[in-house]
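Here's the structure we're looking at; comments come further down.
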Amino acid sequence: MREVRQALGDAFKCRQTVVVAIFNAECWPVITPIELVGNGRRWLLRCPSCGVGCMVLRASGLCSVGCNACVRHRRRKERERTLRSWVHFDGALEDRLVRAAFRNCPAWLRARNLMALSAQLLEGDRDRAAAVLQHSDAARSVADDALVR
Ligand SMILES: [Zn+2]
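Residue numbers (the numbering used here): -7 to 141.
Written out as structure tokens, the structure reads:
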């Protein structure tokens, strides 16, 4: 929605439909007219599939456009929350880092958040590396004992 408003400028207020190009997962543009719905203060894009007003439309396939519910879009957290990498290897923290990088806030605040999150990620990596070293030392001592006998 923000991109549509920026592209149209003042002409946005007198439009009822706009023609948009939305890129699908394969980076092919899906070009389609989209109806605008709103009350003057708040404007939304009408989903061509279900008719609900929404801020974001997504392309799925070669010619289909819809809201998050219609194209079954899931955020990374929703897709990966049960994976081992998400639970045990700071996947959630990594996701927060990526989101913080694109957050719309002052640059100094974004930099401070990114530094804090990256420090947490590095600390987790150091802990895991230390655990791996302990396990490898234990394995080496067992192997040395086996060779001596
Ligand atoms: Zn929809």
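We treat Cβ as the ideally placed atom computed from N, Cα and C, and that holds for glycine.
Item to check | Endpoints, the alpha helix (DSSP H) within which tryptophan 100 is located | outcome: Note, tryptophan 100: alpha helix (DSSP H), 99 to 140.
Checklist entry - What residue range is occupied by the uninterrupted beta strand (DSSP E) comprising glutamate 27? => result Counting along the chain, the beta strand (DSSP E) containing glutamate 27 begins and ends at 21 to 30.
Next on the checklist: Residues around ligand 1, please: the ones whose beta-carbon is closer than 5 Å to some heavy atom of it, in chain order.
Outcome noted: The set of residues with any CB-heavy atom separation to ligand 1 below 5 Å comprises, in chain order, Cys39, Ser41, Cys42, Gly58, Cys59 and Cys62.
Next on the checklist: Which residue marks the beginning of the alpha helix (DSSP H) containing serine 77, and which one marks its end?
Outcome noted: Judged by DSSP secondary structure, serine 77 falls within the alpha helix (DSSP H) whose first and last residues are 76 to 80.
Checklist entry - For chain B, is any of its Cβ atoms less than 8 Å away from the one on glutamate -5? => result Judged by its chain identifiers, the structure shown contains no chain B, having just a single protein chain.
Next on the checklist: On the criterion of 16 or more Cβ atoms from any shown chain inside 10 Å, does valine 57 qualify as buried, or is it exposed?
Outcome noted: Valine 57 sits buried, since 16 or more C-beta atoms from the chains shown fall within 10 Å of its C-beta.
Next on the checklist: Helix, strand or coil, according to DSSP, for cysteine 62 in the structure here?
Outcome noted: Coil, per DSSP.
Next on the checklist: Just list the residues that DSSP pairs arginine 50 with in beta bridges.
Outcome noted: Answer is Gly58.
Checklist entry - Using the beta-carbon count (16 or more within 10 Å), is cysteine 6 buried or exposed? => result Under this definition cysteine 6 is an exposed residue.
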